[in-house]
Structure formats: structure tokens, C-alpha cells
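*Asks:*
Below you can see the structure in the form of C-alpha cells.
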């Protein structure tokens, strides 16, 4: 099963696990399965109208899914999916 | 609270100096304890993708972050915070910093870099229940000395209680073969004997002595002492800090005209700045010295 790596601040919503295994064939389905398993996570990843928050980057292995087929990107057993909130700022 | 090993603290401050006048950025790796104490075990530098506006914006490439996260995982480390610099701007978070902060429960460390020199380093924890209710809260940074020798070949430097290297006077003669002179002070020698007196850091006959070796490792605070024209001495607990303050730590006694907590306006990066700092606090120190003398303070033997 593909595995989703959970960043430190979101682990409190997934029982403090560093990674969660999901049953899915696409990135979209993987994220849906993740929030189905851990409903408290939903509002941190999605806006009220159901869109993935702009600052949430999703990577399949080492690739940004925005540059693949976004939520339709296919995933397979052994794939590593990472949720990475952006890190930015400045004076 | 954020616990940083000295090496990490030095590394992230240097990074800001190296990228000046642009902002630097990087990742803090380590563990978060149950009491939300974040303990850094390593830092990883990251590239700033905001080449369009690098003097006042930073953005860590997520690809760098994935790599750093994976490498950290291999060592049993988690991402527990981030750092960046504010070139020619205070070490306080900005509205942009808050708006762009999304890692709750993590530390955001900011170093002000003035004219290419790192000045203050502050840390803030992102707290709140979500994007609509979040804030950056001041948190204490505790800098700890490295465990064991920083490199295998050299004996570990002597360090003051706060974990910084000590400015030893290697010419001072100790009363004990096993202890340095400042621990085993021979009879007849003045207080602070064994620490290095910086003869060229002198203003109006007052000379600065260093206990914390600010020349060995950059630091924002430390211990020092002042030698008056009559060779009597007072202690200083200094900090690079605005607004200025001058407070008593320990009252005058026959041996010394007090220990004073003082703020310095200039970063303690070299002896010229040390001299300018001494000049700034000298009027208050001179008052204390004069009062001690009027009160019949005993001059050192």
C-alpha cells in the first residue's frame, strides 16, 4: 500500500503516527482515504469548499503532484507520498 | 522552549551572514518532548527559492524539505522548526512571517543581520487551533555546549557555565597545578586574575577583560569585567540588547566595585565594537567606581 508521510504539526490528528498507509490508486483517493481514516485532519488540509489548501504541497516520491497529473496522478504499492506545508515568510 | 546545541546556533547565524544582503533559510531537526520542549540535534541549510525578492522574502524549496525530512528520518530526527534571517531588520516576526507560517507546534527562529553581521537571534512558536486562529509566541532559546570534544584532535575548550568558551590568560600563574589561575587564584592577585585583560579595549583608563571569549565564538551575551585606572575591578554580565539597561547583579564589596548587568548596543564581533560598547556603559560604571572609592573601597593588594 502507498504510504503518506505526515509532517510534525499534523501528527496529533493521526494518533501521533509519522506515516499512514492508504488504499488508493490515485493521489486524490489517497488523500480521501487519509481523511476518512482521520477526520480531524480534514480542515487542516482542505478549505471549507473542499479544495486542498494553497500552502499544502503534495509530493509523490520526489515530484510535486502539481507537475504530474495533480489529484489524478496514479500511485502504486510502495510509493511514498509526502504532505509538506510550505515554509516561507520574510520581513 | 527551544534547545539548540552551540554548533547549531553558530551555524544558523553564520548562514545569515553568508547570504547577506539576502535572507537565508533552513530547517531545525530533532525531537519534541512531551512538555513541548523542542530539542535540536542538527540543522540543515536550504536554498531560498525567492530569487525575485531574496532581500526580504524566503521560501524553502519543498523538494529540499522532502530530502531533509528523509535524511532526518534515517537518523531518527523530525522537523521541529525553521530559521531565517532578517537583513538590516529586527529579529521580530513580521505579518508576512505569520501569514506564511503553517507548522503548528514548531519553532520559527529569526536572526537579525546588520551590515553583514548576525546580531540577535530570537525564536517564536507557532501556536493556535488552525489557520484562522494562529499566533507566533516568544519562546526561550537555550544554547547548550556540545557533548564531548567538537573535534577529536583538540582537547575541549574550557567553557563558562553558559556553555561559551572562556577567555583565559595563559600567562597567568595558578596556585594549583591542576586548576587554571582563575580557579586557583594566588594570594595577592586581584579578582578576575587568570582571565584575559584586553589592553587595547581601553577607554579613559578603563580596560575590558573577557570571561566569555566572544572572539572565539560569536555570542549575544556573556561575562566580562572592567579594570579601573587604579587596577580595581568590577564584573559585567553583558547582553547585546535594545533598549539599554544597567542593573546591579551583586553589590560592591571590598574586593570589587560590584557586578553589573549591562546592555551593549553593538554586536560583540571584534575588539573595536567591544571598545565602543565599553564607551557606551562607561559613564554609569565610572559613577559606581567613584562611589566605591568614596565609600573607602579597599584597593586590591
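Residue numbers (the working numbering), protein chains in the order written: chain A, 1 to 91; chain B, 1001 to 1301. Think of the CB as a built atom: it goes at the ideal place given N, C-alpha and C, for glycine as much as any other residue.
Per DSSP, what are the beta-bridge partners of residue 1223 (chain B) in this structure?
*Replies:* Note: residue 1223 (chain B) sits in a beta bridge opposite B:1237.
*Asks:* Identify the continuous beta strand (DSSP E) that holds residue 17 (chain A) and give its terminal residues.
*Replies:* Careful: residue 17 (chain A) lies outside any beta strand (DSSP E) and carries neither H nor E.
*Asks:* Residue 1091 (chain B) to residue 1120 (chain B), Cα distance in whole Å?
*Replies:* For residue 1091 (chain B) and residue 1120 (chain B), the distance between alpha carbons rounds to 6 Å.
*Asks:* Give me the residue from A:77, A:2, A:65, A:57 with the minimum Cα distance to residue 1102 (chain B).
*Replies:* With distances taken between Cα atoms, residue 1102 (chain B) lies closest to A:57.
*Asks:* I want to see whether chain B comes within less than 8 Å of residue 107 (chain A), judged by CB atoms only; does it?
*Replies:* This structure does not reach residue 107 (chain A), given that chain A is present from 1 up to 91, and the question cannot be answered.
*Asks:* Decide if residue 77 (chain A) is buried, meaning its Cβ has at least 16 other Cβ atoms within 10 Å, or exposed.
*Replies:* That one is exposed.
*Asks:* Report buried or exposed for residue 1213 (chain B), applying the criterion of at least 16 other Cβ atoms within 10 angstroms of its Cβ.
*Replies:* Buried, because 16 or more other Cβ atoms sit within 10 Å of the Cβ of residue 1213 (chain B).
*Asks:* Say whether the segment 1173-1183 of chain B touches the segment 1068-1080 of chain B, bearing in mind that this needs 3 or more beta-carbon pairs closer than 8 Å, one atom from each stretch.
*Replies:* Not touching, per the Cβ criterion.
*Asks:* For the beta strand (DSSP E) that contains residue 1110 (chain B), what are its first and last residues?
*Replies:* That run of the beta strand (DSSP E) goes 1107-1114.
*Asks:* Under 7 Å Cβ-Cβ, which residues of chain B neighbour residue 62 (chain A)?
*Replies:* Result: 1063, 1066.
*Asks:* Residue 1281 (chain B) to residue 1088 (chain B), Cα distance in whole Å?
*Replies:* Cα to Cα, residue 1281 (chain B) sits roughly 24 Å from residue 1088 (chain B).
*Asks:* Please go through the segment 1056-1139 of chain B and give each complete alpha helix (DSSP H) segment of 4 or more residues, from N-terminal end onward.
*Replies:* Complete alpha helix (DSSP H) runs here, min 4: 1062-1074, 1095-1099.
*Asks:* Where do the ends of the beta strand (DSSP E) carrying residue 3 (chain A) lie?
*Replies:* Looking at the DSSP string, the run of the beta strand (DSSP E) that includes residue 3 (chain A) is 3-5.
*Asks:* Between which residues of its own chain and residue 1161 (chain B) is the CB-CB distance below 6 Å, once the five residues before and five after are set aside?
*Replies:* Below a pLDDT of 50, predicted positions are generally treated as unreliable, and residue 1161 (chain B), at 46, falls in that range; the measurement from the model is reported next regardless. Counting only Cβ-Cβ distances below 6 Å, and skipping sequence neighbours, we find nothing.
*Asks:* Quick one: give me the first and last residue of the beta strand (DSSP E) that residue 1005 (chain B) is part of.
*Replies:* 1002-1005 is the span of the beta strand (DSSP E), which, as asked, contains residue 1005 (chain B).
*Asks:* Taking a cut of 7 Å between CB atoms, which residues from the segment 1129-1143 of chain B lie near chain A?
*Replies:* Correct list: 1130.
*Asks:* Taking Cβ positions, are residue 86 (chain A) and residue 1132 (chain B) nearer each other than 8 Å?
*Replies:* No, these two residues do not count as a Cβ contact at 8 Å.
*Asks:* Among B:1258, B:1050, B:1111, B:1275, which residue has its Cα nearest to the Cα of residue 1287 (chain B)?
*Replies:* When only C-alpha atoms are compared, the closest one is B:1258.
*Asks:* Would you mind working out which of B:1022, B:1279, B:1211 sits nearest residue 89 (chain A), comparing C-alpha positions?
*Replies:* Comparing Cα-Cα distances from residue 89 (chain A) to each of B:1022, B:1279, B:1211, the minimum goes to B:1022.
*Asks:* Can you tell which of B:1238, B:1040, B:1253 has its C-alpha closest to the C-alpha of residue 1246 (chain B)?
*Replies:* The shortest Cα separation from residue 1246 (chain B) among B:1238, B:1040, B:1253 belongs to B:1238.
*Asks:* Cβ atoms of residue 1198 (chain B) and residue 1209 (chain B): under 8 Å apart, would you say?
*Replies:* Their beta carbons are under 8 Å apart, which means residue 1209 (chain B) touches residue 1198 (chain B) by this criterion.
*Asks:* Closest Cβ-Cβ distance between residue 82 (chain A) and chain B: below 8 Å?
*Replies:* Yes, its Cβ sits closer than 8 Å to a Cβ of chain B.
*Asks:* Counting only runs that start and end within the segment 1184-1213 of chain B, where is the beta strand (DSSP E) found for 3 or more residues in a row?
*Replies:* Counting whole runs of 3 or more residues, the segment 1184-1213 of chain B contains the beta strand (DSSP E) stretches 1196-1203, 1206-1210.
*Asks:* Assuming residue 1085 (chain B) and residue 1019 (chain B) form a contact by the criterion Cβ under 8 Å, report the distance between their Cβ atoms to the nearest whole angstrom.
*Replies:* Residue 1085 (chain B) to residue 1019 (chain B), Cβ: 7 Å. Contact.
*Asks:* Compare the C-beta of residue 46 (chain A) with all C-beta atoms of chain B and state if any pair is closer than 8 Å.
*Replies:* Chain B contact via Cβ: absent.
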